[in-house]
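Protein chains in written order, with my numbering: chain U, 3 to 454; chain R, 4 to 321.
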């Protein structure tokens, strides 16, 4: 009897111990929000933004009593950690979400729908930059996140090299291009290109096979299906779009003649020696290094790179917007992030309160003041502009796209990872000269077949 | 040649334990006691094998017949994943790319490793040199890949700066479809050649010195001794080394994952990277499992053929 009762007691205490583990790990899961013990985990990948979000978390804890533990992982580890977290039921309660992963997460049922909560709490979605809030819903209209920030692309340029080429910042801010002879943009890029003998790309006797400074860098990271910091600003400015609609594109337009025409012109920049080849681009970590080493006069890149280009003293750098295309306006992809809630969270109420706080002016103004990214709320974007200006950075080359409404949203689609792989291969082979327009239309047929 | 010594080695223990002089009662007991003790010894390893190898393998095989995704149970779909695999051009491409990698990697690595091992064996017994030869192997794969990627950077990499300084054209090592796989293969040769050389070196130690002395007396050159003494007697060790390195080479993943991510175009989309993409980017665990099972079968066949061809269980040292 004693033996049995001892065993039972042991077993019970063991069970109690095991049962206590999740409580310790997730806080008092059953408690309503506002409870002092409530605690949630939040993941993000950008270490530059962590201090500002920590500030938000501290303010939030003071206000609500919910403790937020912020964990930061590098881009690649982040998504791997997240997916394995989903599979092993250890994912964070709330995490920063990206559009290229969002569709898969929705289709896998890993995100918590928040439409009811948005309605119940009367969240005004009009405070966000136009279109950003509408990116984060599924085909049935259920919402899965509130916008946190946005990015556009622009041209970072070496002020000294521009001056040497006789180009003023006014000229660089008002360039235009066309696919037939390249326009003033191509002329500027040619003038910025210098061969090993010091001859410019715009001058006779230029040796295109021995280039010392390329007028325009080519980002290997951008040679994919969205082409954000490579070909997309031109294609979008040439009356082209990725597919029928977004979010939830089901028919793509990678076989379109407008895209082929744009890419052909883009490829010609390599052939003329004004831009490095695809081979070179793919053998570099990031064009930033080449830019700082003086091998590139300009780099098309995203606003998330502001700190890297404008925050250094070695190369005097300014920002110019992307050139105006045949459509009569300039163009940039408009990419946004959101904060999503994992469907497996033990603490949906506290998680929602945190997401709501992240999407509020209280937090986004803090983000704005740190001058790292552009917050999604319109009034906070203004504040971010001021904060950037205080640092002496003129980032209007990025925001002009939003002000003038020349942005285009990233395509959001099921099977995006497969679409991206297929189209990336086609675009790379088109640009390195082994592919032709048929390569693009074949790839397009292949990706469209995924939706039949 | 007479029958090899190893196959004639008498098998001890059992025959003596159950010999005719034993009475029946201890005969019934002894084996059971042995069995218990054996269990204690085998237990931990067996448990590890079952938990970490057998169960995952069986589960993987089961998944390959289902439409398993990241979460939730998949449904049985028969051979659908396999028919899809054989019709998938990217799968065949990944297989070809992997074979190209394995061929370059193993051919260069084995020749270099034998060379280094023979040099160490015939010229020096220095532990310091052995240590230096092993050094690259001690650095993590991912670190090696990142450092080489950085050194091969077209604009700022030290290798290209040197190439440029001596008046040659810079090279896009990782960015060119033709050079990407050889580059990755040779980086891994750099990392593994020392380890392979040490394995072969250990094998060389088993060759009796008298044979070389006899060879020297007969007036054989170093090259002749290498061909007629070293290589034939090294065969069992070489078989083992080749099986290990070829199987390991097929599993190339990390270098690709941190450098080219399968590109340019599909030039470095090796089979393991393709499996990874299917499983962790597209969450198609069923299809990824089918690809893995195929690879398992291929590797088993490769290992079997190699062992048979090289008659690894027989030594010429008889």
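C-beta atoms are modelled at their ideal positions from N, C-alpha and C, and glycine is treated no differently. Computed from a prediction, not measured in an experiment: that's the story for all the values here.
Just the chain U side, please: which residues come within less than 7 Å of residue i by C-beta, in chain order?
{"i": "residue 157 of chain R", "result": "282, 285, 286"}
{"i": "residue 284 of chain R", "result": "419"}
{"i": "residue 48 of chain R", "result": "Within 7 Å Cβ-Cβ: nothing; residue 48 of chain R doesn't reach chain U, min ~26 Å."}
{"i": "residue 176 of chain R", "result": "285"}
{"i": "residue 179 of chain R", "result": "281"}
{"i": "residue 95 of chain R", "result": "Those within 7 Å of residue 95 of chain R in chain U number zero; the least Cβ separation is about 15 Å."}
With burial defined as no fewer than 16 other Cβ atoms inside 10 Å of the residue's Cβ, what is the status of residue i: buried or exposed?
{"i": "residue 77 of chain U", "result": "exposed"}
{"i": "residue 99 of chain U", "result": "buried"}
{"i": "residue 441 of chain U", "result": "buried"}
{"i": "residue 25 of chain R", "result": "Caution applies to residue 25 of chain R, whose pLDDT of 44 falls short of 50 and renders its modelled position unreliable; the value that the coordinates give is listed next. With fewer than 16 other Cβ atoms within 10 Å, it is exposed."}
{"i": "residue 426 of chain U", "result": "buried"}
{"i": "residue 62 of chain R", "result": "exposed"}
{"i": "residue 162 of chain U", "result": "exposed"}
{"i": "residue 327 of chain R", "result": "Only positions 4 to 321 of chain R appear in the structure, and residue 327 of chain R is not among them; the question remains open."}
{"i": "residue 13 of chain U", "result": "Unreliable placement is indicated for residue 13 of chain U, whose pLDDT of 41 sits below 50; the coordinate value is still reported in the next sentence. Under this definition residue 13 of chain U is an exposed residue."}
{"i": "residue 391 of chain U", "result": "exposed"}
{"i": "residue 410 of chain U", "result": "buried"}
{"i": "residue 178 of chain R", "result": "buried"}
{"i": "residue 29 of chain U", "result": "Summary for residue 29 of chain U: the model assigns pLDDT 37, below 50, so the residue's position carries little reliability; its value from the coordinates is reported in the next sentence. Buried, since its Cβ has 16 or more Cβ neighbours within 10 Å."}
{"i": "residue 307 of chain R", "result": "exposed"}
{"i": "residue 152 of chain R", "result": "buried"}
{"i": "residue 255 of chain U", "result": "buried"}
{"i": "residue 5 of chain R", "result": "Interpretation of residue 5 of chain R is limited by its pLDDT of 39, a score under 50 that renders its predicted location unreliable; no figure is taken from the coordinates."}
Please state the DSSP three-state secondary structure of residue i.
{"i": "residue 195 of chain R", "result": "helix"}
{"i": "residue 347 of chain U", "result": "coil"}
{"i": "residue 299 of chain U", "result": "coil"}
{"i": "residue 26 of chain R", "result": "Its pLDDT being 44, under 50, residue 26 of chain R is placed unreliably in this model, and the value from its coordinates should be taken loosely. It is coil, neither helix nor strand."}
{"i": "residue 167 of chain U", "result": "coil"}
{"i": "residue 113 of chain U", "result": "strand"}
{"i": "residue 125 of chain U", "result": "coil"}
{"i": "residue 238 of chain R", "result": "helix"}
{"i": "residue 45 of chain R", "result": "helix"}
{"i": "residue 130 of chain U", "result": "strand"}
{"i": "residue 301 of chain R", "result": "helix"}
{"i": "residue 56 of chain R", "result": "helix"}
Interface residues of chain U around residue i at Cβ under 9 Å?
{"i": "residue 266 of chain R", "result": "222, 225, 284, 426, 427, 430"}
{"i": "residue 44 of chain R", "result": "The premise fails here: residue 44 of chain R is roughly 30 Å from chain U at the closest Cβ pair, so nothing lies under 9 Å."}
Under 9 Å between beta-carbons, which chain R residues line up against residue i? List them in chain order, please.
{"i": "residue 409 of chain U", "result": "The contacting residues do not exist; residue 409 of chain U stays about 27 Å from chain R at best."}
{"i": "residue 269 of chain U", "result": "Near residue 269 of chain U there are no residues of chain R at all, since even the closest Cβ is about 15 Å away, more than 9 Å."}
For a contact meaning CB atoms closer than 7 Å, what does residue i contact in chain R?
{"i": "residue 511 of chain U", "result": "Since the displayed chain U opens at 3 and closes at 454, residue 511 of chain U lies outside it and no answer follows."}
{"i": "residue 85 of chain U", "result": "73, 283"}
{"i": "residue 145 of chain U", "result": "Those do not exist, as residue 145 of chain U stays about 22 Å from chain R at its closest Cβ, beyond 7 Å."}
{"i": "residue 106 of chain U", "result": "286"}
{"i": "residue 295 of chain U", "result": "158, 159"}
If the cut is a Cβ gap below 8 Å, which residues of chain U does residue i touch?
{"i": "residue 98 of chain R", "result": "Simply none; closest approach about 17 Å."}
{"i": "residue 269 of chain R", "result": "427"}
{"i": "residue 38 of chain R", "result": "The premise fails here: residue 38 of chain R is roughly 30 Å from chain U at the closest Cβ pair, so nothing lies under 8 Å."}
{"i": "residue 153 of chain R", "result": "287"}
On the DSSP bridge list, what partners appear for residue i?
{"i": "residue 335 of chain U", "result": "U:410"}
{"i": "residue 320 of chain U", "result": "U:159"}
{"i": "residue 231 of chain U", "result": "None, per the DSSP bridge assignment."}
{"i": "residue 96 of chain U", "result": "U:44, U:343"}
{"i": "residue 69 of chain R", "result": "R:79"}
{"i": "residue 152 of chain U", "result": "U:338, U:376"}
{"i": "residue 197 of chain U", "result": "U:213"}
{"i": "residue 70 of chain U", "result": "U:42"}
{"i": "residue 326 of chain U", "result": "U:178"}
Could you list which residues in chain R have their beta carbon closer than 8 Å to that of residue i, in chain order?
{"i": "residue 110 of chain U", "result": "72, 73, 74, 286"}
- prompt: Between the stretch 114-123 of chain R and the stretch 146-154 of chain R, are three or more C-beta pairs nearer than 8 Å?
  reply: no
Segment contact, 8 Å Cβ cut-off, at least three pairs: the stretch 299-315 of chain R with the stretch 203-215 of chain R: no
- prompt: Contact between the stretch 259-266 of chain R and the stretch 236-245 of chain R: three or more CB pairs below 8 Å?
  reply: no
- prompt: At a cut of 8 Å, does the stretch 305-325 of chain U reach the stretch 147-161 of chain U through at least three beta carbon pairs?
  reply: yes
field: Inter-stretch contact (C-beta, 8 Å, three-pair minimum) for the stretch 139-152 of chain U and the stretch 370-385 of chain U
entry: yes
- request: Kindly confirm or deny that the stretch 420-439 of chain U and the stretch 227-234 of chain U touch, where touching means at least three C-beta pairs closer than 8 Å.
  value: yes
task: Please confirm if the stretch 100-113 of chain U is in contact with the stretch 334-347 of chain U, defined as three or more CB-CB distances below 8 Å between the two stretches.
output: yes
query: Per the contact definition of three or more C-beta pairs closer than 8 Å, is the stretch 244-258 of chain R in contact with the stretch 166-179 of chain R?
result: no
message: Counting beta carbon pairs with one atom in the stretch 261-279 of chain U and one in the stretch 311-321 of chain U, are three or more of them shorter than 8 Å?
response: no
query: Any chance the stretch 393-401 of chain U sits against the stretch 321-337 of chain U, with 3 or more Cβ pairs inside 8 Å?
result: yes
message: With three or more beta-carbon pairs closer than 8 Å as the criterion, would you say the stretch 284-295 of chain U touches the stretch 208-226 of chain U?
response: yes
- prompt: Should the stretch 201-213 of chain U be regarded as contacting the stretch 269-279 of chain U, the criterion being three or more beta carbon pairs within less than 8 Å?
  reply: yes
message: I'd like to know if the stretch 291-299 of chain U and the stretch 233-250 of chain U are in contact, where contact means that at least 3 CB-CB pairs between them fall below 8 Å.
response: no
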